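Asker: Please read through the structure below; I'll follow up with questions.
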Amino acid sequence: MAETKTSDCFLASSLDRAKRLLLQLEEEGIDGQVVEGQTPLLSGKVHIFVGALHKGFELPKSKLVVVTEEEVFTKKTVKRQQRKSKLSNAERIKSYSELKVGDLIVHTNHGIGKYLGVETLEINGLHKDYLHLRYAGNDKLYVPVEQIDQVQKYVGSEEKDPKLYALGGNDWKKVKRKVQSSVEDIADDLIKLYAERQASKGYAFSKDTEDQRAFEASFPYQETEDQIRAVEEIKADMEKERPMDRLLCGDVGYGKTEVAIRAAFKAIMDEKQVAILVPTTILAQQHYETIKERFADYPINIGVLSRFRSRKEQNETLKGLKAGTVDLIVGTHRLLSKDVEYKDLGLLIVDEEQRFGVTHKEKIKKLKANIDVLTLTATPIPRTLHMSMLGVRDLSVIETPPENRFPVQTYVVEYNGALYEKRLNENYLAAVKFIFYIIV
């Protein structure tokens with residue numbers, strides 16, 4: 001190895017990262033020191049300073065070389081030009097009271113109708129404003145503006161128009177009774193489940209090991225303060241005997257996946273199995289590739305269950321889960337099938353929980369009432385958020401975006417065979433950061 005000089009130095013983004021960098025240099029047989037305050041510079045050592053530079057530089061005449069930490073340990077990202085995207089009408093609506101002519105509405109007592117505007121009617125010599133609503137059979141309903149709280153905008157599938165109800169009929173009453181009965185049944189099941197979880201004794205995971213700290217230090221990017229806080233809160237819950245039930249909220253690209261991966265690693269280090277439930281096959285493959293890359297230096301067996309896997313591959317994965325040879329499984333609704341058995345499931349991670357039905361999410365919890373559960377979401381549904389506010393579920397929020405985080409962009413393009421085949425071959429579209437709507 002060439003003799004080092006006092007002019008050779010590294011630049012780390014923080015003191016903690018500088019100390020980690022020093023350990024890595026020492027493992028390579030390079031003698032170095034972290035420069036703090038008035039630390040003297042010693043000949044024959046590589047010096048590690050704390051600071052921020054976009055990239056390193058070299059001054060040949062002064063015999064000075066500065067190398068940033070990112071240039072050695074972080075993948076270089078290509079900056080792409082940002083394009084402004086137009087918001088849809090649905091995104092512009094901030095309140096259900098902002099009705100427009102032609103909007104579908106729901107009246108508390110009469111069901112779904114169509115809003116035709118505001119009309120002024122004279123009744124008993126008094127002029128009053130009314131909301132004009134039309135129902136099936138050209139039935140008309142005039143609602144006083146002071147009763148607008150009984151009307152809200154209809155929110156549902158955009159693929160087809162809903163059924164308009166007739167005034168005075170029993171159809172809407174039957175629908176309300178049916179929904180109320182279903183909600184009551186689900187609520188009873190939820191109460192029993194959460195009562196059982198609160199009273200049960202779960203598994204208390206061990207404190208962080210050197211392997212855990214080394215794994216977290218190998219993350220090639222700088223964590224945000226929110227990420228670090230969320231990781232600490234989740235690991236603190238996992239180390240308690242009470243089963244964890246924590247909701248992790250954060251926008252797309254804010255680092256929820258890395259937080260979940262660290263929790264999964266902690267569970268696997270205690271010889272527990274981890275299941276990650278996702279709503280789509282694309283997301284399952286994307287998570288599989290990400291986790292596989294992060295766990296590349298560790299003897300961890302990762303499996304995936306989705307329609308992208310053949311029957312033979314699925315059967316081998318199922319045998320591995322039952323025997324305990326598969327440490328982590330990523331899957332879609334396939335994980336909810338009756339033939340999926342675990343040897344020792346310790347942590348369940350549910351991603352995009354708003355995309356699952358209530359019965360789907362609670363079904364896997366019932367497999368083992370004392371497992372730790374971590375839910376990831378960018379848009380929590382009201383029921384889940386309400387549970388967190390009441391304290392039934394713990395809540396962690398990631399509000400700070402990572403440095404140089406790009407906004408999500410969607411492009412509509414014409415069908416292109418070469419482009420489609422290229423994207424299809426890239427990990428079954430898992431690595432694609434844009435959503436392509438194929439228009440024939």
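Residues 1 to 440, numbered by our numbering, are exactly what the sequence shown covers, in order.
Beta carbons: idealized from backbone N, C-alpha and C, even for Gly.
Remember, it's a predicted structure, so these values are computed and weren't measured experimentally.
#1: Between which two residues does the beta strand (DSSP E) holding residue 265 run?
#2: Contact defined as beta carbons within less than 8 Å: I believe residue 35 pairs with residue 49. What is the distance between those atoms, to the nearest angstrom?
#3: For residue 58, collect the residues of the same chain with a Cβ closer than 8 Å to its Cβ; drop the 5 residues on either side in sequence, then sort them by chain order.
#4: What did DSSP end up calling residue 119 once you bin it into helix, strand or coil?
#5: Kindly list the residues whose CB is nearer than 7 Å to the CB of residue 167, restricted to its own chain and excluding five residues on each side of it in sequence; keep chain order.
#6: Does DSSP put residue 53 in a helix, in a strand, or in coil?
#7: DSSP puts residue 144 in a beta bridge; with which residues?
#8: Going by other Cβ atoms of all chains shown within 10 Å of its Cβ, with 16 needed for buried, is residue 125 buried or exposed?
#9: Do you know how far the Cα of residue 349 is from the Cα of residue 318?
#10: Assuming residue 274 contacts residue 336 (C-beta within less than 8 Å), just tell me the rounded distance between them.
#11: Examine the ligand COA and report whether any of its heavy atoms sits within less than 7 Å of the Cβ of residue 312.
#12: If we ignore side chains and look at the alpha-carbon of each, how far apart do residue 225 and residue 323 end up?
#13: Using only alpha-carbon positions, find the residue among 325, 211 and 207 that is nearest to residue 343.
#14: Touch check for the stretch 274-285 and the stretch 238-255: three-plus C-beta pairs under 8 Å?
#15: Just grab the DSSP bridge partners of residue 347 for me.
#16: With residue 17 as the anchor, note down where its alpha helix (DSSP H) starts and where it stops.
#17: Measure from the alpha carbon of residue 8 to the alpha carbon of each residue in 24, 33 and 27, then state which is nearest.
#18: Using a 10 Å radius around the Cβ and a threshold of 16 neighbouring Cβ atoms, would you call residue 489 buried or exposed?
#19: As a quick exercise: from 290, 295 and 255, pick the residue whose alpha carbon is nearest that of residue 269.
#20: Given a cut-off of 8 Å on the beta-carbon distance, is the pair residue 375 and residue 353 in contact?
#21: Assuming residue 256 contacts residue 212 (C-beta within less than 8 Å), just tell me the rounded distance between them.
#22: Could you name the residues of the same chain whose beta carbon sits closer than 7 Å to that of residue 71, not counting the 5 residues immediately before and after it, in chain order?
#23: Ordered along the chain, which non-local residues of its own chain (more than five positions away) have a Cβ less than 7 Å from that of residue 284?
#24: Closest by CA to residue 259, which one among 373, 271, 401 and 231?
#25: For the beta strand (DSSP E) containing residue 8, list its first residue and its last residue.
#26: From residue 235 to residue 23, what distance separates their C-alpha atoms?
#27: Going by C-alpha distance, which of 177, 118 and 205 is nearest residue 272?
#28: Can you tell which of 26, 219, 137 and 200 has its C-alpha closest to the C-alpha of residue 169?
#29: If I'm right that residue 222 touches residue 13 with Cβ under 8 Å, what's the distance once you round it to whole angstroms?
#30: From residue 176 to residue 403, what distance separates their C-alpha atoms?
#31: According to DSSP, simplified to helix, strand and coil, what is residue 95?
#32: Suppose you measure from the CA of residue 163 to the CA of residue 150; what does that come to, to the nearest Å?
#33: For residue 317, report the span of its alpha helix (DSSP H) as first-last.
#34: Can you name the start and end residues of the beta strand (DSSP E) that residue 246 belongs to?
#35: Which one of 207, 301 and 130 has the shortest CA to CA distance from residue 320?
#36: Rounded to whole angstroms, what's the CA-CA distance from residue 153 to residue 100? Just pull it up for me.
Answerer: In brief:
#1: No beta strand (DSSP E) holds residue 265; the alpha helix (DSSP H) holding it covers 256-269.
#2: 5 Å
#3: 64, 65 and 66
#4: strand
#5: 110, 135, 139 and 141
#6: coil
#7: 130
#8: exposed
#9: 18 Å
#10: About 16 Å separates the two Cβ atoms, so there is no contact after all.
#11: Looking at this structure, you won't find the ligand COA or any other ligand, since it has none at all.
#12: 39 Å
#13: 325
#14: no
#15: 274 and 372
#16: 15-27
#17: 33
#18: Residue 489 falls outside the range modelled here, since the chain spans only 1 to 440, and no answer is possible.
#19: 295
#20: yes
#21: Contact flag wrong, Cβ pair sits at about 19 Å.
#22: 55 and 56
#23: 278, 304, 306, 330, 331 and 332
#24: 231
#25: 8-12
#26: 25 Å
#27: 205
#28: 137
#29: 6 Å
#30: 48 Å
#31: Low local confidence applies: a pLDDT of 44 at residue 95 is under 50, so the model's placement there is unreliable, and no value is given.
#32: 19 Å
#33: 311-323
#34: 245-250
#35: 301
#36: 10 Å
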